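Residue numbers (the numbering used here): 2 to 181.
Every residue, glycine too, gets a C-beta built ideally from N, C-alpha and C.
The structure presented is a predicted model; accordingly, all values stated were derived computationally and were not measured.
Accompanying notes for the structure given below.
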């Protein structure tokens with residue numbers, strides 16, 4: 002199993018939050034910072050010409066764990082097409098601290114960093130089994146909208162969704178600060 006041990010960027014690398022302290026906190030994430038986990042076995046075509054997993058695959062992983070959790074935790078017996086609300090992705094970003102390469106197993110951890118009446122901001126930690134060091138930390142923001150109108154739901158998120166999201170809203174004083 003190949004695992005690269007180098008870091009792509011120094012801690013002075015650009016981050017969308019613009020806050021060096023936030024980047025340091027993200028790089029220090031451990032599995033215990035997350036409440037839901039999913040494994041992903043990399044595929045040969047996940048690698049790019051440089052021999053590591055392409056950045057687009059990280060976006061796929063971020064989206065996959067969020068949707069896996071939502072499908073299993075929010076009215077799992079109700080078909081997605083019958084649900085009154087849906088989440089629209091309005092923001093994603095990933096900070097890279099290491100590399101994945103085929104073949105390996107990526108361990109994805111999920112938490113909710115922020116909830117409002119109609120939105121949620123998720124954080125995803127990407128690890129490999131042989132290491133306690135986070136390889137990447139992704140962020141995804143959903144705005145929950147009415148399926149018919151495409152506008153934020155008048156009464157906010159439905160109760161089953163709120164319950165599922167609150168289960169992953171981990172109290173963490175070291176969580177990076179950012180605004181929706």
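Using DSSP with H/G/I as helix, E/B as strand and the rest coil, what is residue i?
{"i": "residue 23", "result": "helix"}
{"i": "residue 38", "result": "strand"}
{"i": "residue 137", "result": "strand"}
{"i": "residue 63", "result": "helix"}
{"i": "residue 48", "result": "strand"}
{"i": "residue 29", "result": "coil"}
{"i": "residue 97", "result": "strand"}
{"i": "residue 75", "result": "coil"}
{"i": "residue 103", "result": "coil"}
{"i": "residue 80", "result": "coil"}
Can you give me the Cβ contacts of residue i inside the same chain, cut-off strictly under 6 angstroms, excluding the 5 residues immediately before and after it?
{"i": "residue 124", "result": "112, 114, 140"}
{"i": "residue 66", "result": "39, 109, 111, 125"}
Could you check if residue i is buried or exposed, using at least 16 other CB atoms within 10 Å of its CB as the buried criterion?
{"i": "residue 129", "result": "buried"}
{"i": "residue 56", "result": "exposed"}
{"i": "residue 61", "result": "exposed"}
{"i": "residue 33", "result": "exposed"}
{"i": "residue 25", "result": "exposed"}
{"i": "residue 120", "result": "buried"}
{"i": "residue 151", "result": "exposed"}
Which same chain residues end up closer than 8 angstroms to residue i when comparing Cβ atoms and leaving out the 5 residues on each side of it in sequence?
{"i": "residue 40", "result": "106, 107, 108, 109"}
{"i": "residue 73", "result": "none"}
DSSP beta-bridge partners for residue i?
{"i": "residue 116", "result": "121"}
{"i": "residue 153", "result": "146"}
{"i": "residue 128", "result": "108"}
{"i": "residue 90", "result": "143"}
{"i": "residue 169", "result": "Answer by DSSP bridge pairing: none, since residue 169 is not bridged."}
{"i": "residue 58", "result": "Beta-bridge pairing links residue 58 to no other residue."}
For residue i, which residues of its own chain have a beta-carbon under 7 angstroms away from its beta-carbon, when the five flanking residues on both sides are left out?
{"i": "residue 89", "result": "143, 144, 146"}
{"i": "residue 70", "result": "37, 111"}
Rank the options by C-alpha distance to the C-alpha of residue i and give the top, closest one.
{"i": "residue 50", "options": "102, 170, 133", "result": "102"}
{"i": "residue 184", "options": "52, 46, 63", "result": "Residue coverage of the chain in this structure runs from 2 to 181, which leaves residue 184 outside it and unanswerable."}
{"i": "residue 135", "options": "42, 53, 116, 99", "result": "99"}
{"i": "residue 58", "options": "69, 45, 70", "result": "45"}
{"i": "residue 222", "options": "80, 69, 37, 85", "result": "Given a span of 2 to 181 for the chain in the structure shown, any question on residue 222 remains unanswerable."}
{"i": "residue 170", "options": "42, 20, 36, 30", "result": "36"}
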